[in-house]
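Input: a single structure, listed below in structure tokens.
Numbering (the working numbering), first residue to last: 3 to 362.
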């Protein structure tokens, strides 16, 4: 009986020892997990506080790593000293997202027809492999280049096609390379090869200095398509912009002069890199009400990157749009719908097949 008691006691001691060893070994692991979780939580809170501080203070303080990547450095490449010399300037620039292949091929053929001496830069923002190979079969000369541009290198909201925050980034990257850019959305087509009047207005002619940028005027006031909160980031009020006509960001002629580089492209890009600036709380692009009186009142629609560009241009040129805006866009462009672009591509492919059959 006594032996049985000793044996039972021994078993209890061994079991207790094992439990101590097991839980004793796990304690540092649990402690390390708690420490790591606390560290991550602290970092997240710090990041949130920094973002909240930027939003509350409404400062254009984009991360330097993004700005340096785009050419905002102490000694930047500027027009006219740092430009491409193996092509006629400006270079033509557009971008292609997933699903834009029809428009991309149509634009490539259009530019090749009207501006054969100018280089076309097509920025690849997410084409599928098959579509990429297809566009390369049409854009396959020294005058047509497909540029890969990884939006994942930037804040996540930049990848939102709805905001078009990537548009000034694409333009700036091309400016940094070539020095002069004629940006055209991929659903636009040139209607003429005579762009000399636009170039003369941008760079100047004779004694008259150009502004370095040409845009196209719309019938709306800047305030009607700009959320009131966006003005705070630029340390200005919407009242100053009540009678300033809005210009489009879908087509721009830009020369990378020192003034354009620092006073237009930099603040435009800084805003587009800051989520709260490009997309203020309450901003949306749908449900526009242009029947409000007076017509310069906010329509309820925010135009994102275009709104930021208009504020920047207004401040740069003292609210005088005659320095940078022109009318009669129909003289230079026409719009192609996705349906028409798809039909055009079918005709191109059919003609190519017929030609191949005849040659065979």
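Think of the CB as a built atom: it goes at the ideal place given N, C-alpha and C, for glycine as much as any other residue. Quick caveat: nothing in here was measured; it's all calculated off a predicted structure.
{"Asked": "Leaving out the 5 sequence neighbours to the left and right, which residues in its chain are closer than 8 Å to residue 233 when beta-carbon positions are compared?", "Found": "239, 240, 243, 313"}
{"Asked": "Looking only at C-alpha atoms, which of 174, 303, 61, 218 sits nearest to residue 284?", "Found": "303"}
{"Asked": "With which residues is residue 146 paired in a DSSP beta bridge?", "Found": "122"}
{"Asked": "So is residue 164 buried or exposed if we call it buried at 16+ other beta carbons inside 10 Å?", "Found": "exposed"}
{"Asked": "Starting from residue 96, follow the beta strand (DSSP E) in both directions and report where the run begins and ends.", "Found": "90–98"}
{"Asked": "Tell me residue 80's beta-bridge partners as DSSP assigns them.", "Found": "According to DSSP, which records beta bridges pairwise, residue 80 is partnered with nothing at all."}
{"Asked": "Can you tell me whether residue 336 is buried or exposed, with buried defined as 16 or more other CB within 10 angstroms of its CB?", "Found": "exposed"}
{"Asked": "Taking residue 348 and residue 105 to be in contact with their CB atoms under 8 Å, please state how far apart those CB atoms are, rounded to whole angstroms.", "Found": "In fact, because the Cβ distance is near 14 Å, the residues do not count as touching under 8 Å."}
{"Asked": "Taking one C-beta from the region 304–323 and one from the region 215–226 each time, how about it: are there three or more such pairs within less than 8 Å?", "Found": "yes"}
{"Asked": "Tell me the residue span of the beta strand (DSSP E) that contains residue 183.", "Found": "182–186"}
{"Asked": "If we count the other Cβ atoms within 10 Å of its Cβ and call it buried at 16 or more, is residue 294 buried or exposed?", "Found": "exposed"}
{"Asked": "Per DSSP, what are the beta-bridge partners of residue 206 in this structure?", "Found": "211"}
{"Asked": "Under a Cβ-count criterion, where at least 16 other Cβ atoms within 10 Å of its own Cβ denotes burial, should residue 73 be classed as buried or exposed?", "Found": "buried"}
{"Asked": "Let me confirm a value: residue 257 is counted as buried when at least 16 other C-beta atoms fall within 10 Å, else exposed. Which label applies?", "Found": "buried"}
{"Asked": "Specify whether the region 255–270 and the region 142–159 touch according to this definition: at least 3 beta carbon pairs, one from each stretch, less than 8 Å apart.", "Found": "no"}
{"Asked": "Could you compute how far the alpha carbon of residue 212 sits from the alpha carbon of residue 351?", "Found": "43 Å"}
{"Asked": "Here's the rule: buried if 16 or more other CB atoms are within 10 angstroms of the residue's CB, otherwise exposed. What is residue 182?", "Found": "buried"}
{"Asked": "Per DSSP, residue 336 forms a beta bridge with which residues?", "Found": "191"}
{"Asked": "Name the two residues that bound the continuous beta strand (DSSP E) containing residue 298.", "Found": "Note, residue 298: premise wrong, no beta strand (DSSP E); not H, not E."}
{"Asked": "Whose CA, out of 168, 151, 301, lies closest to the CA of residue 274?", "Found": "168"}
{"Asked": "Which one or two residues does DSSP pair with residue 318 in a beta bridge?", "Found": "For residue 318, which the question treats as bridged, DSSP gives no partner whatsoever."}
{"Asked": "Look at residue 328 and residue 219 and say whether their C-beta atoms are less than 8 Å apart.", "Found": "yes"}
{"Asked": "Per the contact definition of three or more C-beta pairs closer than 8 Å, is the region 69–89 in contact with the region 112–124?", "Found": "yes"}
{"Asked": "Determine the direct distance from the alpha carbon of residue 259 to that of residue 78, and round the result to whole angstroms.", "Found": "10 Å"}
{"Asked": "Taking 7 Å as the limit between beta carbons, can you name the residues of its chain near residue 344, skipping five residues before and five after?", "Found": "104"}
{"Asked": "Under 7 Å: does the beta carbon of residue 108 sit that close to some heavy atom of the ligand SAH?", "Found": "Among the components of this structure there are no ligands whatsoever, and the ligand SAH is therefore not found."}
{"Asked": "Looking only at C-alpha atoms, which of 235, 209, 199, 98 sits nearest to residue 333?", "Found": "199"}
{"Asked": "Looking at the strands, I want to know which residues DSSP matches up with residue 218.", "Found": "328"}
{"Asked": "Hey, how far is the Cα of residue 171 from the Cα of residue 354?", "Found": "36 Å"}
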